[in-house]
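Protein chains in written order, with this note's numbering: chain A, -13 to 306; chain B, -13 to 306.
Printed below as a string of structure tokens:
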């Protein structure tokens, strides 16, 4: 099997500074690819395997489209979302389930609290509908309904939908899958290289050579609130910069520009707090994003370093 | 100034494994010292500076005792706590403030939500009393009241209490303070080396050569719920193993045994999820803690790696 990402394959990406002293540091690897899938920049070992986690969702959504489900608009975005679980998100997921002739009892993602604090405050117990992957699971069930596939086994690796997802991952990353695991939501998650992941995102977000990919990218740009949540990092990045941005658990971040420039980042320790800033920095240095506009998004999406409630430091990207 | 901890001074401490593949890795440094302050084991650069954050609280509490405040029992533990903000914790803090002739309006820590989910659910807004450092701030105010020091400026580095804390830190770590910053709660936080920090904790938890330190260690062992919260990592470690255990923000953990063996850990990325397991592993390999008992605590305090709600991996310490 191809090597997995190790400490020796990682480099310092960002630091946390407090009162003039660096307190913490994040290491990892990252790659930027151009519209033609040529590598524009690589940092660390970008040919090592990682779990893409929820950055796999665009490819999972594409496989659903390719299964003959006529998804578009907010429903298509929910299929690729790690959503905040607001009432608006849940309403779209319920509509998707109803279109499949099902309800939330068919969802096999675990129950979870919503990320959104207000939504959470109104709830007595976690639910499957508010779990951040519920839209993806609803889309999986729509594919089953459209094709007469069994709905009880939709997460099994040998299920026709999961086989179609696997084929889509291999097609878009340009590499065979050597290892698969189980994601937090219970779905198969396929290990990929950062280079393969960035290549796939470039193909989804760049100039159309695949009608389903173009539809997916257009839907995300039209409904940024749906992929994450109002004020949250991916939503703000999409709203302000016109990129497609998608986080994955354990420190993974992908972003893609309409011209096909795309970046994939893995923070080795699994933290996401530096991921948006690192990804934007790499897109700025590649010339794909305006520096001032990126700085505005970083200021909104990066948690402050506070002492007694006042800023006393900052997260800072240390890559050149 | 002495160097701060860097990536090259850090080594792999622990990994997160999912479905048979390592997904994330934590690097950092750590040191174990014996009862006589002799170094038993060092991992990475333990002479580099770090911010100890809340692992400084035992020394801050000692300085309060040395200021003539007759603290003991639960109140003394709250003085060294990063508490979960339950009603029981808040009641002790209110008692401390009342003994100083003050109330929560004198606290200068920022308002914050309690860590405890049930306590949080019952609140409409964050408060200073539920902020995890409120007991330390109440103890600071008790020292001001006992000595006629100003209460408005108790967080200023030049305040007599803060000067006494600085002297206590230098005495217990055995090293001069070269750099100070502002902690999350607004109090001065003094940079220390891991070797100095472990030495200080050894002196606090080990065989008595300082009556105030003995009183502090005895109080923590008698009231483990008060230093953290029921079911939380430090409280469980103290209850099950008879150690003193204290976390600090940004990945710092210290533990000390009654015989004076002590460990100090800094996870460089700032995450605490591996810190209890790493600290216990080092104390087990040093012969200070029973391996089976430590494994039981690790099982309770370490977050599981789940796929669809079922365990599919684990956090694993990778130090020999």
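Glycine is no exception: its CB is placed at the ideal position from the N, C-alpha and C atoms. Quick caveat: nothing in here was measured; it's all calculated off a predicted structure.
Is residue 1 of chain B near residue 8 of chain B, with beta carbons less than 7 Å apart?
-> The sequence position of residue 1 of chain B within the second chain is 15, counting from 1. The sequence position of residue 8 of chain B within the second chain is 22, counting from 1. The beta carbons of residue 1 of chain B and residue 8 of chain B sit closer together than 7 Å.
Local conformation of residue 136 of chain B per DSSP, three classes | Here residue 136 of chain B corresponds to residue number 150 of the second chain, with the count starting at 1. DSSP places residue 136 of chain B in coil when its eight states are reduced to three.
Output, in sequence order along the chain, the residues in the segment 3 to 23 of chain A whose CB is closer than 8 Å to any CB in chain B.
-> When C-beta distances to chain B are compared with 8 Å, the residues of the segment 3 to 23 of chain A below that value are 4, 5, 6, 7, 8, 9, 10, 11, 12 and 13, in chain order.
Output the distance between the C-alpha atoms of residue 307 of chain B and residue 70 of chain B, rounded to the nearest integer angstrom.
-> It is not possible to answer for residue 307 of chain B, since the shown part of chain B is limited to -13 through 306.
Residue 30 of chain A CB to nearest chain B CB: under 7 Å?
-> Counting from one through the first chain, the residue named residue 30 of chain A turns up at place 44. Not an interface residue.
Is it the case that the Cβ atoms of residue 62 of chain A and residue 205 of chain A are separated by a distance below 7 Å?
-> Looking up residue 62 of chain A in the first chain gives position 76. Looking up residue 205 of chain A in the first chain gives position 219. Contact flag set, yes.
Please go through the segment 242 to 300 of chain A and give each complete alpha helix (DSSP H) segment of 4 or more residues, from N-terminal end onward.
-> Whole alpha helix (DSSP H) segments, 4+ residues: 261 to 271 and 277 to 287.
Note down the Cα distance separating residue 164 of chain B from residue -13 of chain B, rounded to an integer number of angstroms.
-> As a first step, residue 164 of chain B must be located in the second chain, where it is residue number 178. As a first step, residue -13 of chain B must be located in the second chain, where it is residue number 1. So the two alpha carbons sit approximately 6 Å from each other.
Taking residue 343 of chain B as part of the alpha helix (DSSP H), name the residues at either end of that continuous run.
-> The structure shown has nothing for residue 343 of chain B, since chain B only spans -13 to 306.
Where does residue 180 of chain A sit, in a helix, a strand or coil, going by DSSP?
-> For the purposes of this step, residue 180 of chain A is identified with residue 194 of the first chain, where counting begins at 1. DSSP, reduced to helix, strand and coil, places residue 180 of chain A within a helical segment of the structure shown.
Residues in the segment 88 to 104 of chain B with C-beta within 9 Å of chain A's C-beta atoms, listed in sequence order?
-> Residues 94, 95, 96 and 97.
Figure out for me which residue from B/201, B/266, B/233 and B/108 has the closest Cα to the Cα of residue 226 of chain B.
-> Counting from one through the second chain, the residue named residue 226 of chain B turns up at place 240. Per the Cα distances, B/266.
For a contact meaning CB atoms closer than 7 Å, what does residue 171 of chain A contact in chain B?
-> For this step, residue 171 of chain A is matched to residue 185 along the first chain. Neighbours of residue 171 of chain A in chain B, taken as residues whose beta carbon is under 7 Å from its own, are 294 in chain order.
Can you list, in chain order, the stretches of the alpha helix (DSSP H) that have 4 or more residues and sit fully within the segment 43 to 67 of chain A?
-> If we require 4 residues or more, the alpha helix (DSSP H) runs fully inside the segment 43 to 67 of chain A come out as 43 to 52 and 59 to 65.
CB residue 249 of chain A to CB residue 18 of chain A, shorter than 7 Å?
-> As a first step, residue 249 of chain A is located in the first chain; it is residue number 263 there, counting from the start. As a first step, residue 18 of chain A is located in the first chain; it is residue number 32 there, counting from the start. Yes.
Verify whether the separation of the beta carbon atoms of residue 44 of chain A and residue 175 of chain A is less than 7 Å.
-> Taking the first chain and counting its residues from 1, the one referred to as residue 44 of chain A is at position 58. Taking the first chain and counting its residues from 1, the one referred to as residue 175 of chain A is at position 189. At least 7 Å separates the beta-carbon of residue 44 of chain A from that of residue 175 of chain A.
Check the Cβ-Cβ distances between residue 256 of chain B and every residue of chain A, and say whether any is below 7 Å.
-> Counting from one through the second chain, the residue named residue 256 of chain B turns up at place 270. Closer than 7 Å to the CB of residue 256 of chain B there is at least one CB belonging to chain A.
Residue 115 of chain A versus residue 35 of chain B: straight-line alpha-carbon distance, rounded | The residue labelled residue 115 of chain A in the question sits at position 129 within the first chain. The residue labelled residue 35 of chain B in the question sits at position 49 within the second chain. For residue 115 of chain A and residue 35 of chain B, the distance between alpha carbons rounds to 46 Å.
Sorted by chain position, which residues of the same chain lie with C-beta nearer than 7 Å to residue 180 of chain A's C-beta, five sequence neighbours on each side aside?
-> Numbered from its first residue, the first chain carries residue 180 of chain A at position 194. Taking C-beta separations shorter than 7 Å and ignoring five residues to either side along the sequence, the partners of residue 180 of chain A in its chain run 15, 16, 17, 32, 36, 250 and 252, following chain order.
Find the residues of chain B that neighbour residue 177 of chain A, judging by a C-beta separation of less than 7 Å, and give them in chain order.
-> Numbered from 1 along the first chain, position 191 holds the residue referred to as residue 177 of chain A. What residue 177 of chain A touches in chain B: 7.
Beta-carbon gap between residue 131 of chain A and residue 86 of chain A smaller than 7 Å | One-based indexing of the first chain puts residue 131 of chain A at position 145. One-based indexing of the first chain puts residue 86 of chain A at position 100. Result yes, Cβ atoms of residue 131 of chain A and residue 86 of chain A sit closer than 7 Å.
From the beta carbon of residue 37 of chain A, is the nearest beta carbon of chain B less than 7 Å away?
-> On the first chain, residue 37 of chain A is found 51 positions in, with the first residue counted as 1. Interface with chain B (7 Å Cβ-Cβ cutoff): residue 37 of chain A is included.
Spell out whether any CB of chain B is found under 7 Å from the CB atom of residue 78 of chain A.
-> Mapped onto the first chain, residue 78 of chain A falls at position 92. With respect to chain B, the C-beta atom of residue 78 of chain A has no partner C-beta closer than 7 Å.
How many angstroms separate the CA atom of residue 90 of chain A from the CA atom of residue 83 of chain A?
-> By one-based count along the first chain, residue 90 of chain A stands at place 104. By one-based count along the first chain, residue 83 of chain A stands at place 97. Answer to the nearest angstrom: the Cα atoms are 7 Å apart.
Please classify residue 247 of chain A: is it buried, with 16 or more other beta-carbons within 10 angstroms of its beta-carbon, or exposed?
-> Counting from 1 along the first chain, the entry for residue 247 of chain A is found at position 261. Counting the other CB atoms within 10 Å of its CB gives residue 247 of chain A a total of 16 or more, which places it among the buried residues.
Expressed to the nearest angstrom, what Euclidean distance is found between the alpha-carbon atoms of residue 211 of chain B and residue 173 of chain B?
-> Locating residue 211 of chain B in the second chain gives position 225, counting from the first residue. Locating residue 173 of chain B in the second chain gives position 187, counting from the first residue. Between residue 211 of chain B and residue 173 of chain B, the alpha-carbon positions lie close to 24 Å from each other.
Distance, residue 147 of chain B Cα to residue 52 of chain B Cα = In the second chain, residue 52 of chain B corresponds to position 66, counting from 1. In the second chain, residue 147 of chain B corresponds to position 161, counting from 1. Each residue's Cα considered, the two are about 10 Å apart.
CA nearest to the CA of residue 298 of chain A, picked from B/13, B/209, B/203 and B/170 | Within the first chain, numbered from 1, the residue matching residue 298 of chain A stands at position 312. Comparing alpha carbon positions, the residue from B/13, B/209, B/203 and B/170 closest to residue 298 of chain A is B/170.
Given a threshold of 16 other Cβ atoms within 10 Å of its Cβ, counted over all protein chains shown, does residue 25 of chain A qualify as buried or as exposed?
-> Mapped onto the first chain, residue 25 of chain A falls at position 39. Within 10 angstroms of the beta-carbon of residue 25 of chain A lie fewer than 16 other beta-carbons, which makes it exposed.
Interface flag, residue 236 of chain A vs chain B, CB-CB below 7 Å = As a working mapping, residue 236 of chain A is identified with position 250 in the first chain. Residue-level contact check: residue 236 of chain A touches chain B, since one or more beta carbons of chain B fall below 7 Å from its beta carbon.
Buried or exposed: residue 118 of chain B, going by 16 or more other Cβ atoms within 10 Å of its Cβ?
-> In the second chain, residue 118 of chain B corresponds to position 132, counting from 1. A buried status is given to residue 118 of chain B, since no fewer than 16 other beta-carbon atoms sit within 10 Å of its beta-carbon.
In terms of DSSP beta bridges, what is residue 239 of chain B paired with?
-> In the second chain, residue 239 of chain B corresponds to position 253, counting from 1. Its beta-bridge partners are B/233 and B/251.
Following the continuous beta strand (DSSP E) through residue 10 of chain B, name the residue where it begins and the one where it ends.
-> Position 24 of the second chain, counting from 1, holds the residue named residue 10 of chain B. Annotation: the continuous beta strand (DSSP E) that includes residue 10 of chain B extends over 7 to 19.
Examine the Cβ distances between the segment 226 to 245 of chain A and the segment 273 to 284 of chain A and report whether three or more of them are shorter than 8 Å.
-> Taking 8 Å as the limit for Cβ pairs, the verdict is that the segment 273 to 284 of chain A does touch the segment 226 to 245 of chain A.
Could you list which residues in chain B have their beta carbon closer than 7 Å to that of residue 144 of chain A, in chain order?
-> As a first step, residue 144 of chain A must be located in the first chain, where it is residue number 158. Contacts between residue 144 of chain A and chain B, judged by CB atoms closer than 7 Å, are missing: the closest CB pair is about 16 Å apart.
Residue 167 of chain B versus chain A: which residues are under 9 Å apart at the beta carbon?
-> Translated into the one-based positions of the second chain, residue 167 of chain B becomes position 181. Neighbours of residue 167 of chain B on chain A, chain order: 4, 5, 6, 7, 9, 293, 298 and 299.
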